[in-house]
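Peer 1: Chains E and P are the protein sequences, given in the same order. Mapped onto my numbering, the consecutive letters of the first sequence carry residue numbers 16 to 339. Mapped onto my numbering, the consecutive letters of the second sequence carry residue numbers 158 to 662. We put the CB at the ideal spot given by N, CA and C, even for glycine. Predicted, not measured: the structure shown is a model, and the values here were computed from it.
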Amino acid sequence: MKRYLSDRLPVVLFALLFLAVVVTFQCLQPTFLSSANIVNMMQSVSTTVIAAIGLTFVIAIGRSDISFYMSCCFCGVLMAWLVSLGWHPVPAILCGVAAGAAWGSVSGFAVGKLKLPDIITTIAIGSIAFGLGYLFSDGAFIMQNFIEAKTHYLSQYLVLGIPLPVYVMAAVMVLSYYLLERSRFGRAFYAVGATEKAAYLSGVNVNRTIVLAYVICGTLASVAALIMTARQGYGNVKIGMNLLMPCFTAVYIGMSVFKRPCVVGTALGALLVTAIATGFTSINIPFYVSNLVTGFVLILAILLSKVVVREKQPRMAAKEAGRT
Amino acid sequence: MSYILEMRGIRKSFGGLAALDGADLCVAAGEAHALLGINGAGKSTMIKILSGVYGRDAGEIRLRGEPVQIASPKDALACGISAVYQDPQMVESYTGYENIYLGNEGGRERMLAGVNRRRLRTMARELVARYPFDIDVEKPVYLMSSVEREIIAILRALSKECRVLVLDEPTSILTEKERHTLFAFIHTLKQSGVSIIYITHHLDEVAQVCDSFSVFRNGRSVCREAISGGAVDCGHIAELMLGERLSQLYPPRAGQPGRRVCLCAEGLTLDGRFENIAFEARCGEVLGIFGLVGSGIDELSKVLVGAIGESSGTLSKGGQPLKLASPAAAIRSGLYLVPGNRKTEGFLHNLSIAFNVTVVRLDKVVRRLGIVDRRLETSAAAALTEKLSIVTPTVQKKVNELSGGNQQKVVIAKGLFAEADAYIFCDPTVGVDVGAKSGIYEMIRTLAAKAAVVIISSEPEEVLGNADRVMVIYQGRVTLRKDATDTTLKEMLVHAIAREEVRAG
Numbered sequence: 016m017k018r019y020l021s022d023r024l025p026v027v028l029f030a031l032l033f034l035a036v037v038v039t040f041q042c043l044q045p046t047f048l049s050s051a052n053i054v055n056m057m058q059s060v061s062t063t064v065i066a067a068i069g070l071t072f073v074i075a076i077g078r079s080d081i082s083f084y085m086s087c088c089f090c091g092v093l094m095a096w097l098v099s100l101g102w103h104p105v106p107a108i109l110c111g112v113a114a115g116a117a118w119g120s121v122s123g124f125a126v127g128k129l130k131l132p133d134i135i136t137t138i139a140i141g142s143i144a145f146g147l148g149y150l151f152s153d154g155a156f157i158m159q160n161f162i163e164a165k166t167h168y169l170s171q172y173l174v175l176g177i178p179l180p181v182y183v184m185a186a187v188m189v190l191s192y193y194l195l196e197r198s199r200f201g202r203a204f205y206a207v208g209a210t211e212k213a214a215y216l217s218g219v220n221v222n223r224t225i226v227l228a229y230v231i232c233g234t235l236a237s238v239a240a241l242i243m244t245a246r247q248g249y250g251n252v253k254i255g256m257n258l259l260m261p262c263f264t265a266v267y268i269g270m271s272v273f274k275r276p277c278v279v280g281t282a283l284g285a286l287l288v289t290a291i292a293t294g295f296t297s298i299n300i301p302f303y304v305s306n307l308v309t310g311f312v313l314i315l316a317i318l319l320s321k322v323v324v325r326e327k328q329p330r331m332a333a334k335e336a337g338r339t
Numbered sequence: 158m159s160y161i162l163e164m165r166g167i168r169k170s171f172g173g174l175a176a177l178d179g180a181d182l183c184v185a186a187g188e189a190h191a192l193l194g195i196n197g198a199g200k201s202t203m204i205k206i207l208s209g210v211y212g213r214d215a216g217e218i219r220l221r222g223e224p225v226q227i228a229s230p231k232d233a234l235a236c237g238i239s240a241v242y243q244d245p246q247m248v249e250s251y252t253g254y255e256n257i258y259l260g261n262e263g264g265r266e267r268m269l270a271g272v273n274r275r276r277l278r279t280m281a282r283e284l285v286a287r288y289p290f291d292i293d294v295e296k297p298v299y300l301m302s303s304v305e306r307e308i309i310a311i312l313r314a315l316s317k318e319c320r321v322l323v324l325d326e327p328t329s330i331l332t333e334k335e336r337h338t339l340f341a342f343i344h345t346l347k348q349s350g351v352s353i354i355y356i357t358h359h360l361d362e363v364a365q366v367c368d369s370f371s372v373f374r375n376g377r378s379v380c381r382e383a384i385s386g387g388a389v390d391c392g393h394i395a396e397l398m399l400g401e402r403l404s405q406l407y408p409p410r411a412g413q414p415g416r417r418v419c420l421c422a423e424g425l426t427l428d429g430r431f432e433n434i435a436f437e438a439r440c441g442e443v444l445g446i447f448g449l450v451g452s453g454i455d456e457l458s459k460v461l462v463g464a465i466g467e468s469s470g471t472l473s474k475g476g477q478p479l480k481l482a483s484p485a486a487a488i489r490s491g492l493y494l495v496p497g498n499r500k501t502e503g504f505l506h507n508l509s510i511a512f513n514v515t516v517v518r519l520d521k522v523v524r525r526l527g528i529v530d531r532r533l534e535t536s537a538a539a540a541l542t543e544k545l546s547i548v549t550p551t552v553q554k555k556v557n558e559l560s561g562g563n564q565q566k567v568v569i570a571k572g573l574f575a576e577a578d579a580y581i582f583c584d585p586t587v588g589v590d591v592g593a594k595s596g597i598y599e600m601i602r603t604l605a606a607k608a609a610v611v612i613i614s615s616e617p618e619e620v621l622g623n624a625d626r627v628m629v630i631y632q633g634r635v636t637l638r639k640d641a642t643d644t645t646l647k648e649m650l651v652h653a654i655a656r657e658e659v660r661a662g
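1) Which residue from P/Ile343, P/Ser302 and P/Ser352 puts its Cα closest to that of P/Ser159?
2) Just to make sure I have the definition right: I need the residues of chain P whose C-beta is within less than 7 Å of the C-beta of E/Lys212. Which are they?
3) Looking at chain E, which residues of the segment 330–354 of chain P have a Cβ within less than 7 Å of any of its Cβ atoms?
4) Applying the 10 Å Cβ sphere with the 16-neighbour rule, what's the burial state of P/Glu423?
5) Roughly how many angstroms lie between the CA atoms of P/Ser385 and P/Ala608, to the nearest whole one?
6) Does the beta carbon of P/Gly212 sit closer than 8 Å to a beta carbon anywhere in chain E?
7) Go ahead and pull the three-state DSSP assignment for P/Leu650.
8) When you compare the segment 514–521 of chain P with the segment 536–545 of chain P, are there three or more beta-carbon pairs, one atom per stretch, that lie closer than 8 Å?
9) Output the residue ranges of the alpha helix (DSSP H) runs that lie fully inside the segment 136–183 of chain E and measure 4 residues or longer, sorted by chain position.
10) At a CB-CB cut-off below 8 Å, which residues of chain E make contact with P/Ala464?
11) Would a check of beta-carbon distances place E/Ser198 closer than 8 Å to chain P?
12) Using a Cβ-Cβ distance cut-off of 8 Å, determine whether P/Ile510 contacts chain E.
13) Taking the runs of the beta strand (DSSP E) that are 3 residues or longer, which of them lie wholly in the segment 446–526 of chain P?
14) Please check if any C-beta of chain E sits within less than 8 Å of the C-beta of P/Ala661.
15) I'd like to know if P/Ala240 contacts chain E, where contact means its C-beta is closer than 8 Å to some C-beta of that chain.
16) So P/Ala593 packs on P/Cys367, CB below 8 Å; how close in whole Å?
17) Taking C-beta pairs closer than 8 Å, name the residues in chain P that E/Val219 reaches, listed in chain order.
18) Between the segment 451–468 of chain P and the segment 516–533 of chain P, do at least 3 Cβ pairs fall closer than 8 Å?
19) DSSP three-state label for P/Tyr355, please.
20) Since E/Ala186 meets chain P, which of its residues come closer than 9 Å, beta carbon to beta carbon?
21) Indicate whether the contact test is met: 3 or more Cβ pairs, each with one atom in the segment 83–98 of chain E and one in the segment 157–176 of chain E, closer than 8 Å.
22) Is there contact here, the segment 488–500 of chain P with the segment 453–463 of chain P, by at least three beta-carbon pairs under 8 Å?
23) Specify the secondary structure class of E/Tyr249 as computed by DSSP and reduced to three states.
24) What's the call for E/Ile273, buried or exposed, on a 16-neighbour Cβ count within 10 Å?
25) Which residue comes first and which comes last in the alpha helix (DSSP H) that contains E/Tyr84?
26) Going along chain E in order, which residues have a C-beta closer than 7 Å to the C-beta of P/Val523?
27) What three-state label does DSSP hand P/Gly216 in the structure shown?
28) Report the residues of the segment 633–647 of chain P with a CB closer than 9 Å to any CB of chain E, ordered along the chain.
29) What is the residue span of the alpha helix (DSSP H) that P/Lys169 lies within?
30) Please compile the residues from chain P whose C-beta is within a distance smaller than 8 Å of the C-beta of E/Arg78.
31) Using a Cβ-Cβ cut-off of 6 Å (strictly less than) and excluding sequence neighbours within five positions of P/Arg313, which residues of its own chain qualify?
32) Going by DSSP, what residue range makes up the beta strand (DSSP E) through P/Val610?
33) Going along the chain, which unbroken runs of the alpha helix (DSSP H) with 4 or more residues stay wholly within the segment 523–581 of chain P?
34) Based on the DSSP secondary-structure assignment, which residues constitute the bridge partners of P/Cys419?
35) Name the one or two DSSP bridge partners that P/Glu437 has.
36) Would E/Ala75 count as contacting chain P if we go by Cβ distances under 8 Å?
Spelled out as structure tokens, the structure:
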């Protein structure tokens, strides 16, 4: 019973924190919980959740990806450009997603097969992707044919009064949950993230798992970028530039609650981050203040998620020493 | 005889486990003193106490007869004690003299003034003049050979007014010729009055460079003897290193030799680690391979399951040739390695017993669509924890929260779950208490009834106690091959510490 409580305590704390944030903003700005703002928040949450779940796979294998928020910019521009050529949005969207997978596989190949250091390498690859997208679009907005082709439906189409991205988010969550946490394939991600050499000797295909994690991350980031592009109503290369911080914060909040990177935790984290960001916007506080706050939240989440690990270290060290 | 360094009655325990239980170590000025003992005898702990890495629980350290306090590595340096560990780390792009004086470039007032290279170079030249040796200290370290790097590391230690120098297996990465270069330098050092504590597993080196030796066993120093005439009696030292006879924790051996050859290796070679190793492991018996750390046995275990790719030679199982590209392929063909270092190779940190056990064969606990059946997983893991008597409230407990012995049993449970028909155990009981040890040995013997089992270990007792047939490896070559009943611990150890004895025996 005691153990049960101590396991659930972080969840309860999270719920209280979330409630506090919501109530605070509601008091400061009575329209915060208006139906319009809730729909707005749902749209915003859905893209953060989708991209952050992709990142969850990379964090699960014990790596970082700093390329996804830049490479997805390329994908948004690509889709808008194809639409401007007169393509139907569906194949254009598929091409955008394929591009996301391709950039993910580049990062995965570099980190998993070539064994390059993850952070620096993905910064470089992301910059290349972003640079190519910028060169390609010349930094301009690509709006020809965008509304006419009904591309914005990807973001605004309502099914039963709920915007389409929420369904996409739900589908991504369910699939990712089964893939990462229930299926045999998901075990490989956690195994690699836990102790890579032991995973390898236990028969896990480590390289393939690393590549796969980056491909999933790149793909889901591109899905998020395409939805955001559709919401904006034109192609703009800077579309994903604000994804990095919320995604990392979401994953780490999830880890501080559940003590491991997981789908539900990440989604909850994304919810909190979005509530904070939209809350600040709704009381007319500029975005950089919300960035500042998110930064603090991220640091706090990292600290909390590390607490468990730190408790165990001294005992392990003593045992190791005893063996020498 | 007056000693420059005396360590007396040193005790140190880690979490209730005594690593040192009243050990002495004495070194005279200008002599090279060998510190010998099998793995786990307490050599490393002793040296770490001397160099201030660990504190001691009891005992005293005297320098030139005066008691000294060594509470940190800084204190040790101040006392003139330096240690050079295996494969010393250096700044590759810096020159030799920059590495010698790294972190020691000048007084604090020079912090912002930049490094005075000319002064360092002059100092380095003076240092080399004091301990004459033909080395170009202006060469960047990445261009240096292994022995030159070793000497730079030693010079670095000497630059801090070192009187007692600890060399921990200094020849482990050196070639035969480089060894002699290093030995020549050690002779120069001795003539300059530097005392050397020399840790090694190679007795032929001891005979060449050392003047005396101490043997450690189970955390105690059992003797201190002088070496006369440049020769050591391997048999005598092996006896000192081993001490007591076989303890009673080993299960009875197989009644008759195994019939069917299950795992067969021929001409296995891994450049620089081992050469031309061949063996047959039969179903129904245990093959024991003994070698000390650095003999190549750890690499051998990895090569057998395809975890190291660049080897040559052939491996076959049940008559079928095996071409293993990875441990995953080995598991698929029924060959499982229980690796030696459980913390980095054995189990997955922060994950449950159930997760750890089933990860090797997830296909056994999967329902349709690749979804893991958690009930099946839990019951399979629970059955194995019971079979191996792993002490844990639930199989959801994280493996790193268990005791060392139970962790090791989880690693073995993984192997059982893999249902292989050939098992390789590498150092299966490192850091495991006696009770858990005999449980593991029982398990291995039971396993051998249905499968071929190879135990690769750096503990001679473990190999002789469990195996039906024994193989000894020294410096990557097989030096002894016998039935367990025909050999003794002493014979095995003699073949594991020097090759000279092979011709004699």
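Peer 2: On the basis of the data shown:
1) P/Ser352
2) Thr501 and Glu502
3) none
4) exposed
5) 50 Å
6) no
7) helix
8) yes
9) 168–171
10) Tyr215 and Leu216
11) yes
12) no
13) 469–474, 477–479 and 492–495
14) Low confidence applies here, because P/Ala661 scores a pLDDT of 32, under 50, leaving its location unreliable; read the following figure in that light. Chain E contact via Cβ: absent.
15) no
16) Not quite, the Cβ-Cβ distance comes to about 37 Å (not below 8 Å), so this is no contact.
17) Ala485 and Val516
18) no
19) strand
20) The contacting residues do not exist; E/Ala186 stays about 16 Å from chain P at best.
21) yes
22) yes
23) coil
24) In the sequence under discussion, the amino acid at residue 273 of chain E is Phe, which differs from the Ile named in the question. E/Phe273 comes out buried.
25) Phe83 to Ser99
26) Arg199
27) strand
28) none
29) Element bounds for P/Lys169: not the alpha helix (DSSP H) but the beta strand (DSSP E), Leu162 to Phe171.
30) Under the 8 Å cutoff, chain P gives no residues; its nearest Cβ is about 16 Å from E/Arg78.
31) Ile257
32) Ala609 to Ser614
33) 531–544 and 561–575
34) For P/Cys419, which the question treats as bridged, DSSP gives no partner whatsoever.
35) P/Cys421
36) no
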